[in-house]
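Numbering (the working numbering), first residue to last: -6 to 160. All residues carry an ideal CB built from backbone N, CA and C; glycine is no exception. For clarity, every value in this text was computed on a predicted model and none was experimentally measured.
Printed below as a string of structure tokens:
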């Protein structure tokens, strides 16, 4: 008898509830500028099957001569990935190492990616770096300094690895 009364009480209480459950349909950050379409309505010319880094960039940016510094295409599209894509390959399709990307920034003085990464990790260790005074917005100050400048240089080399296409 107690179970029936409790069940009726819960059912009655829930019937009158007007919870906002709009978050149940959230798509995450993908939906910030509008709904996620999943490529619905894509023209045949906007359906891609990609097998390497350059094909993926072309599909995302809408042009064969596109680079990651361009504005991506906002056309509705479907991109199918066939196999595994090596995001560190150069324009000749050869996989590049961290050491090779570092060659584009000789001012770093580093020849070995592992040595650079160890120094970077030690310098910007969040457990130590974040102990500095917080910025006016209450967040830790952004990383800065020589090693961060070199990391940014290596990143730019990785965005457009044409410089080593003759390997």
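Alpha-carbon to alpha-carbon, residue j and residue i
| i | j | result |
| --- | --- | --- |
| residue 82 | residue 151 | 9 Å |
| residue 97 | residue 105 | 13 Å |
| residue 42 | residue 25 | 26 Å |
| residue 95 | residue 147 | 6 Å |
| residue 149 | residue 71 | 27 Å |
| residue 100 | residue 91 | 15 Å |
| residue 145 | residue 136 | 11 Å |
| residue 28 | residue 69 | 12 Å |
Counted within 10 angstroms of its Cβ, other Cβ atoms place residue i as buried (16 or more) or exposed
| i | result |
| --- | --- |
| residue 140 | buried |
| residue 93 | buried |
Contact under 7 Å by Cβ, residue i with residue j
| i | j | result |
| --- | --- | --- |
| residue 53 | residue 78 | no |
| residue 86 | residue 44 | no |
Beta-carbon contacts of residue i that lie in its chain and below 7 Å, excluding the five residues immediately before and after
| i | result |
| --- | --- |
| residue 134 | 125, 128 |
| residue 74 | 43 |
Residues of its chain near residue i, where Cβ-Cβ distance is below 6 Å and the 5 sequence neighbours each way are ignored
| i | result |
| --- | --- |
| residue 116 | 140 |
8 Å CB neighbourhood of residue i in its chain, flanking five on each side removed
| i | result |
| --- | --- |
| residue 63 | 54, 56 |
Restricting to runs no shorter than 4 residues, where is the alpha helix (DSSP H) found entirely within the segment 42 to 86?
Runs of the alpha helix (DSSP H) inside the segment 42 to 86: 46 to 54.
Could you tell me which whole beta strand (DSSP E) segments of length 3 or greater appear in the segment 117 to 142?
For the segment 117 to 142, not a single whole beta strand (DSSP E) run of length 3 or above is found.
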